[in-house]
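Chemist: Have a look at this one before I ask anything.
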Amino acid sequence: MGNYAHPEVLVTTEWVAQHATDPAVRVAEVDVDTAAYNEGHVPGALGWAWNTQLCDTVRRDILSKQQFEELMASSGITNDTTVVLYGDNNNWFAAWAAWQMKIYGHRDVRIMNGGRKKWLAEGRELSTQVPQPARTTYRASDADLSLRAFLPQVQDAMKGRTAGLVDVRSPQEFTGEILAPPGLPETCQRGGHIPGARSIPWGKACNDDGTFKSFDELKALYGAEGIDGSRPVIAYCRIGERSSHTWFVLKYLLGYGDVKNYDGSWTEWGNLVGAPIEKGAAVAAA
Amino acid sequence: MKPQDYSERKVEVNGWPVNLASYRVGNVYHCKADNVSPGAAIARSTGSTREEAEEKALARARELLARTRRQKV
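Going down the list, the sequences are from chains L and R. For the first sequence, my numbering assigns the number 1 to the initial residue and increments by one for each residue that follows. For the second sequence, my numbering assigns the number 287 to the initial residue and increments by one for each residue that follows.
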């Protein structure tokens, strides 16, 4: 899989077609909900809904360790299972699931390169059967918070320029022209971006067929904005799912050491009383 | 079952670019409308023809995109 820093985190659609029902492999389609999954999915794949299964549904947070263990156990996943994630929107929400699985220490998590889009475009088999896996016992590690940024860390990074802030939203969200992606509900009081952030929309990391761009292309894309792995990076978007895609690219495809996803993202920063905000296009990278 | 005739095309709705991705499974066409930048799905629909599925998705996309306000920067 190319010359990525960690090529083992990606699998091809062909690999999934060959291995989706292997006992040591569990495939899950991840999306904001299961509407696409219900149309038909990779045979043997589970459907995970971001809005009900991959977030705490009461307070705004990722799953607790206990909730995560329950999801894994009910999905028939053991600590040794190879988990392959894919989804719509070039794997937006699959990356969110991968990020959370890494936070809780799952060893072998992979993403199907190209996601649902490539699977459909290639005319591969679909199933509407929902698997009923046998329950397992799963023991998660304590949360690895080196992968997650909280507000104080982002504030410190902004003030001290101690980390590269990457805003992966669309250019119009970055400038403040719109408060949410077109067609979606506005979820913040103010538009704009965190002062000093670089605008590198998440989708620039993908080819037209949904696969990731090559190592060299990705390195050039982020490097042109001063994101070259020489200092810590914090990625953010609106609610943290698009930025988990960029987190995956920087952490695993480019192999940068200190990369965090700020899942509070713009819905936190853009609603804070007194938070500094920049509007308009970014100035050129230094 | 296998998806067939997957295709994508871009249109403009209320001044916003929209990508329509559609495919057929058996006798049913599925269509998804996304907002191109950033690419979020804003409508899904089905129909007995591609045109019908696309029109339903576009109708919902029109409704949602009409609510998006542009701010002065």
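Beta carbons are placed, not taken as given, at the ideal position from N, Cα and C, and that holds for glycine. None of these values were measured; they are calculated from a predicted model.
1. Going by DSSP, what residues sit across from Tyr86(L) in a beta bridge?
2. Please go through the region 108-167 of chain L and give each complete beta strand (DSSP E) segment of 3 or more residues, from N-terminal end onward.
3. I need the straight-line Cα distance from Ala339(R) to Asn261(L), nearest angstrom please.
4. How would you label Gly274(L), buried or exposed, when you count the other beta carbons within 10 angstroms and need 16 or more for buried?
5. Let's test the definition: count the other Cβ atoms within 10 Å of the Cβ of Gln53(L) and tell me whether it reaches 16, buried, or not, exposed.
6. In chain R, which residues lie with their C-beta within 8 Å of the C-beta of Ala20(L)?
7. Excluding the 5 residues preceding and the 5 following Lys118(L) in the sequence, name in chain order all residues of the same chain whose CB lies nearer than 6 Å to its CB.
8. Between the region 142-150 of chain L and the region 215-229 of chain L, do three or more beta carbon pairs fall short of 8 Å?
9. Give the single residue among Met112(L), Lys213(L) and Ala36(L) whose Cα lies nearest to the Cα of Glu8(L).
10. Please go through the same chain and pick out, in chain order, the residues whose beta-carbon is closer than 6 Å to the beta-carbon of Ser331(R), but skip the five residues on each side of it.
11. Since Leu350(R) is in the alpha helix (DSSP H), which residue starts that stretch and which ends it?
12. Against Arg169(L), what residues of chain C qualify as contacts under a CB-to-CB distance less than 7 Å, listed in chain order?
13. Just the Cα atoms here: how many angstroms apart are Ser334(R) and Ile62(L)?
14. Use the C-beta contact count for Val25(L): other C-beta atoms within 10 angstroms, 16 or more gives buried, fewer gives exposed.
15. Can you confirm whether the region 195-215 of chain L touches the region 166-181 of chain L when touching is taken to mean that 3 or more C-beta pairs between the two stretches lie within less than 8 Å?
16. For Thr267(L), report the span of its alpha helix (DSSP H) as first-last.
17. Pick helix, strand or coil for Gln66(L), following the three-state DSSP scheme.
Modeler: From the atom records:
1. Glu29(L)
2. 109-112 and 164-167
3. 37 Å
4. exposed
5. buried
6. Per Cβ cutoff of 8 Å: no residues; Ala20(L) is ~15 Å from chain R at best.
7. Thr13, Asp209 and Gly210
8. no
9. Met112(L)
10. Cys317, Ala339, Lys342 and Ala343
11. Arg336 to Leu351
12. This model lacks chain C altogether; the protein chains it does include are L and R.
13. 40 Å
14. buried
15. yes
16. Ser265 to Trp269
17. helix
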